[in-house]
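Chains as they are written, first to last, in numbering that gives the first Met the number 0: chain A, 0 to 210; chain B, 0 to 210; chain C, 0 to 210; chain D, 0 to 210. Cβ coordinates follow ideal geometry from the N, Cα and C atoms, glycine included. Just so it is clear, the structure is predicted and the values come from calculations on it, not from any experiment.
There are 4 protein chains.
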Amino acid sequence: MANVDTVTQRRLSREEREPQMLDTAVRVFGERGYHGCSMEDIAAAAGVTKPMFYAYFGSKDELYAACIAHVARQLEQALTAAGSDEDDPERLTFARVLAFFRFIGGRRDQWRVLRREAGPFAEELARARGTIVDLTLRQLEASPVPAGSRADLVPLAHALVGAGEALADWWVDHPEESAETMAVRQMNLIWLGLEGLGAGRVWAPQQLPAE
Amino acid sequence: MANVDTVTQRRLSREEREPQMLDTAVRVFGERGYHGCSMEDIAAAAGVTKPMFYAYFGSKDELYAACIAHVARQLEQALTAAGSDEDDPERLTFARVLAFFRFIGGRRDQWRVLRREAGPFAEELARARGTIVDLTLRQLEASPVPAGSRADLVPLAHALVGAGEALADWWVDHPEESAETMAVRQMNLIWLGLEGLGAGRVWAPQQLPAE
Amino acid sequence: MANVDTVTQRRLSREEREPQMLDTAVRVFGERGYHGCSMEDIAAAAGVTKPMFYAYFGSKDELYAACIAHVARQLEQALTAAGSDEDDPERLTFARVLAFFRFIGGRRDQWRVLRREAGPFAEELARARGTIVDLTLRQLEASPVPAGSRADLVPLAHALVGAGEALADWWVDHPEESAETMAVRQMNLIWLGLEGLGAGRVWAPQQLPAE
Amino acid sequence: MANVDTVTQRRLSREEREPQMLDTAVRVFGERGYHGCSMEDIAAAAGVTKPMFYAYFGSKDELYAACIAHVARQLEQALTAAGSDEDDPERLTFARVLAFFRFIGGRRDQWRVLRREAGPFAEELARARGTIVDLTLRQLEASPVPAGSRADLVPLAHALVGAGEALADWWVDHPEESAETMAVRQMNLIWLGLEGLGAGRVWAPQQLPAE
DNA sequence: AATGAATGAGGTTTCATTCAT
DNA sequence: GATGAATGAAACCTCATTCAT
Numbered sequence: 000m001a002n003v004d005t006v007t008q009r010r011l012s013r014e015e016r017e018p019q020m021l022d023t024a025v026r027v028f029g030e031r032g033y034h035g036c037s038m039e040d041i042a043a044a045a046g047v048t049k050p051m052f053y054a055y056f057g058s059k060d061e062l063y064a065a066c067i068a069h070v071a072r073q074l075e076q077a078l079t080a081a082g083s084d085e086d087d088p089e090r091l092t093f094a095r096v097l098a099f100f101r102f103i104g105g106r107r108d109q110w111r112v113l114r115r116e117a118g119p120f121a122e123e124l125a126r127a128r129g130t131i132v133d134l135t136l137r138q139l140e141a142s143p144v145p146a147g148s149r150a151d152l153v154p155l156a157h158a159l160v161g162a163g164e165a166l167a168d169w170w171v172d173h174p175e176e177s178a179e180t181m182a183v184r185q186m187n188l189i190w191l192g193l194e195g196l197g198a199g200r201v202w203a204p205q206q207l208p209a210e
Numbered sequence: 000m001a002n003v004d005t006v007t008q009r010r011l012s013r014e015e016r017e018p019q020m021l022d023t024a025v026r027v028f029g030e031r032g033y034h035g036c037s038m039e040d041i042a043a044a045a046g047v048t049k050p051m052f053y054a055y056f057g058s059k060d061e062l063y064a065a066c067i068a069h070v071a072r073q074l075e076q077a078l079t080a081a082g083s084d085e086d087d088p089e090r091l092t093f094a095r096v097l098a099f100f101r102f103i104g105g106r107r108d109q110w111r112v113l114r115r116e117a118g119p120f121a122e123e124l125a126r127a128r129g130t131i132v133d134l135t136l137r138q139l140e141a142s143p144v145p146a147g148s149r150a151d152l153v154p155l156a157h158a159l160v161g162a163g164e165a166l167a168d169w170w171v172d173h174p175e176e177s178a179e180t181m182a183v184r185q186m187n188l189i190w191l192g193l194e195g196l197g198a199g200r201v202w203a204p205q206q207l208p209a210e
Numbered sequence: 000m001a002n003v004d005t006v007t008q009r010r011l012s013r014e015e016r017e018p019q020m021l022d023t024a025v026r027v028f029g030e031r032g033y034h035g036c037s038m039e040d041i042a043a044a045a046g047v048t049k050p051m052f053y054a055y056f057g058s059k060d061e062l063y064a065a066c067i068a069h070v071a072r073q074l075e076q077a078l079t080a081a082g083s084d085e086d087d088p089e090r091l092t093f094a095r096v097l098a099f100f101r102f103i104g105g106r107r108d109q110w111r112v113l114r115r116e117a118g119p120f121a122e123e124l125a126r127a128r129g130t131i132v133d134l135t136l137r138q139l140e141a142s143p144v145p146a147g148s149r150a151d152l153v154p155l156a157h158a159l160v161g162a163g164e165a166l167a168d169w170w171v172d173h174p175e176e177s178a179e180t181m182a183v184r185q186m187n188l189i190w191l192g193l194e195g196l197g198a199g200r201v202w203a204p205q206q207l208p209a210e
Numbered sequence: 000m001a002n003v004d005t006v007t008q009r010r011l012s013r014e015e016r017e018p019q020m021l022d023t024a025v026r027v028f029g030e031r032g033y034h035g036c037s038m039e040d041i042a043a044a045a046g047v048t049k050p051m052f053y054a055y056f057g058s059k060d061e062l063y064a065a066c067i068a069h070v071a072r073q074l075e076q077a078l079t080a081a082g083s084d085e086d087d088p089e090r091l092t093f094a095r096v097l098a099f100f101r102f103i104g105g106r107r108d109q110w111r112v113l114r115r116e117a118g119p120f121a122e123e124l125a126r127a128r129g130t131i132v133d134l135t136l137r138q139l140e141a142s143p144v145p146a147g148s149r150a151d152l153v154p155l156a157h158a159l160v161g162a163g164e165a166l167a168d169w170w171v172d173h174p175e176e177s178a179e180t181m182a183v184r185q186m187n188l189i190w191l192g193l194e195g196l197g198a199g200r201v202w203a204p205q206q207l208p209a210e
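Listed below in structure tokens is the structure:
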């Protein structure tokens, strides 16, 4: 009854099949998000049946965790390797940053696995974020900026907002800090930059806006 | 068992009840995420039944969208108001940044609504992110940094990573850009800072690491 | 706060408003079927609120029953009136058939209310159908019929009605046909029978009843 | 309390279980109508759980459509087979009519599935009906018919089918009648016509087709 | 007389997960 | 080692109906 043609794909050992299944899971999770695909979908995409995934990974959560760990490990290796032969802080920083983007560039799906999923309201979220980015952008445009980089203001605004968001996320887990401290931290990075900080400068408000 | 206070709350007009329901939805979504709570849960938390939410907001998606829009509107207003009387770029920037953190500080739940949800694998995600943050942190620690700000290196690392993530997100929608261009952008911000950029400086690699 | 313009439509007495509401219900039920519309839909189409319908008709089932009875009453009157001045059985039959199709022709929605979906109101539907069958039956009983087949008159009446109903269903999709043509068709079948038609005969009215 | 027989029925293959489930669905739909039963009800009657029905049939609508198609196919086969060895139009007609009623006689529930409520599956219902109408139409086209009435054959076919359907509806409430009696009744109307019946003629089969 | 507010109950559908073969 | 069969649980959504004003 069994089809002979398919036999060549069957009965692989665990060491052969498991990475294959994990790669498929990363891809499908990356494309459609955790809640956007079912175990059935992933199993079908991998060409095996659901019980195989349960046998190898235990549960959907564990499978997703395995995907995250898998991608994170690869990214970490890429970043670690990138700076191994650099001593100068500036060159080291750039090497790492470049390695990061090179990694992402070839693996958009894997990157998506590391970012949280949007869902049906992605549009709304993007709009909300866009509002803040626009505000930042208009502010940048009002400043004197080198001519050649004017087209780069949009991604720059995204980066500024992203830095603030990450600080806010960190702050959620460290509520003992004051808003003023957080704001100063953000200023230290985005105003002075690492070069300024490396030179020993510290940003401080001349006069704190009233609350 | 029935709370007398809630009895007096019955039969409110839509103008009174709808914002109340929206506030509850923001809170519950913020606490548990979109997929982490059901309409039933939200309705119960608001002290009404599901059909009220469907009557006023249409669907779970639309409710979530309304929450996002609600929070985004408030945040935007806070940011817009913050810089209204500032002309100096530095002071304006700081005013905005401070307003942002002051907004978040009082409304952690609302902030969570604007961030995507983690789910059962939040821990794993945090660990993955932590790997990259640690890498960045060790690099910062190896640099000469002003003594007083050494405790600030951890949030600084988060901010750096957050800026990169936002750039990567933006890049997903603009795949025509090269990894090198993206990396240079990141450097412009994090190395020179807005002060440097405002002074007309442009960051460029002295020598590009080989791919 | 109340809009003066709408006041002219308000506060109608029950005698004025109830038939209006019933007509709307017949139309909406006819268009979309019992399960295809909600009380909310019907109320909106009638320009009143749901509680009005509940106050006047009790429940959705009772409303549907009222619609059926309303249409059936009109149809019965049309058929009864049609044969009032005819003695010749052939002419009488044609008059009734013609009246039936003329009735349907002007009120497709009402016809649909008599044909659609059974359910909790099946009894009411059967009763409405029985009215027409009884009318046909009494006409048959008045004719000379072979003794042995007298018991067969009831199902025969059902068949006659069923043939007409099927023609009416077909007519709904071919509205370019006139009521007269439809009536002639019905006569061709039920008066001559296939034997007659097969022998080359064609039924035609000697004199068309005036509309 | 658990029935031992059903225990032995567990873990059937799809080939065995699916027809069994379909039969149950036809029965329950026939008894209670589309809106009169839930998927839960049908699943319970079949001795399985809802997800099995969704796995095999997709949705409630698709299940109902499958039921209609199932019954229609059987009916069509019965009617087609019935006339295969008849040349005489009269005998052929009777054979078909008899086959129709014989079919209905053994499967009242299946008949109800073809007659009850329209809805999202109206298309499927119309198609099923069209099959029978087409069969009748082709038979009519093979007979000698007066030239002028040839265009009327389509509605004539509808009427013939409608008369049979009405007789079948009546029969559902009078199950003491035999299929043969019902077929003779149908012939009395459609072959002799009311003119013939009025003249005292009675249609009777010269020889009853063997069952 | 009329309505906006509110709900109980039920329906379809999906999905992570397990069992028997 | 691998799978088709099967399910428990829960989610979203709708709607007939009633209550308080």
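In chain order, what residues of the same chain lie with their CB nearer than 8 Å to the CB of residue i, ignoring the 5 residues before and after it?
i, result
"Thr135 of chain A", "Ala156, Leu159, Val160"
"Ser12 of chain D", "none"
"Glu89 of chain D", "Trp190"
Quick check on the DSSP output: the alpha helix (DSSP H) that includes residue i runs from which residue to which?
i, result
"His157 of chain C", "152 to 171"
"Trp110 of chain A", "107 to 113"
"Ala198 of chain A", "Run containing Ala198 of chain A: none; DSSP gives neither H nor E here."
"Leu62 of chain C", "59 to 81"
"Glu179 of chain D", "178 to 186"
"Thr23 of chain D", "13 to 31"
"Ala141 of chain C", "It is not in any alpha helix (DSSP H) - Ala141 of chain C carries neither H nor E in the DSSP assignment."
Using a Cβ-Cβ distance cut-off of 8 Å, determine whether residue i contacts chain A.
i, result
"Gln76 of chain B", "no"
"Ile67 of chain B", "yes"
"Leu55 of chain B", "Per the sequence shown, residue 55 of chain B should be read as Tyr rather than Leu. No, its Cβ sits nowhere closer than 8 Å to a Cβ of chain A."
"Arg101 of chain B", "yes"
"Ser142 of chain B", "yes"
Do residue i and residue j have their C-beta atoms closer together than 8 Å?
i, j, result
"Arg184 of chain B", "Asp151 of chain A", "yes"
"Leu113 of chain A", "Ile41 of chain A", "no"
"Ala94 of chain B", "Ala77 of chain B", "no"
"Ala162 of chain B", "Thr130 of chain A", "no"
"Ile103 of chain B", "Trp170 of chain A", "yes"
"Val96 of chain A", "Ala182 of chain B", "yes"
Going by beta carbon distance, what residues of the same chain come within less than 6 Å of residue i, once the five residues before and after it are set aside?
i, result
"Trp190 of chain B", "Trp202"
"Arg101 of chain C", "Ala178"
"Leu91 of chain D", "Gly82, Glu85"
"Arg111 of chain C", "Gly29"
Rounded to whole angstroms, how far is the Cβ of residue i from the Cβ of residue j, which I believe are closer than 8 Å?
i, j, result
"Phe28 of chain D", "Met38 of chain D", "About 11 Å; that fails the 8 Å criterion."
"Pro154 of chain A", "Leu166 of chain B", "6 Å"
"Met20 of chain C", "Ala45 of chain C", "5 Å"
"Gly197 of chain B", "Ser142 of chain A", "5 Å"
In its own chain, which residues sit with a C-beta less than 7 Å from the C-beta of residue i, not counting the 5 before and 5 after it?
i, result
"Met186 of chain B", "Trp202"
"Leu62 of chain D", "Ala24, Phe52, Phe56"
"Arg149 of chain D", "none"
"Gln73 of chain C", "none"
At a Cβ threshold of 8 Å, is residue i touching chain D?
i, result
"Pro154 of chain C", "yes"
"Arg90 of chain C", "no"
"Leu188 of chain C", "yes"
"Arg184 of chain C", "yes"
Determine, using beta carbons only, whether residue i comes closer than 8 Å to chain C.
i, result
"Met0 of chain D", "Low local confidence applies: a pLDDT of 37 at Met0 of chain D is under 50, so the model's placement there is unreliable, with the coordinate-based value given in what follows. Taking Cβ atoms only, chain C never reaches closer than 8 Å to Met0 of chain D, which makes this a no."
Does at least one heavy atom of the ligand MN sit under 7 Å from the Cβ of residue i?
i, result
"Leu62 of chain B", "Judged by which ligands are present, the structure shown has none, so any question about the ligand MN falls away."
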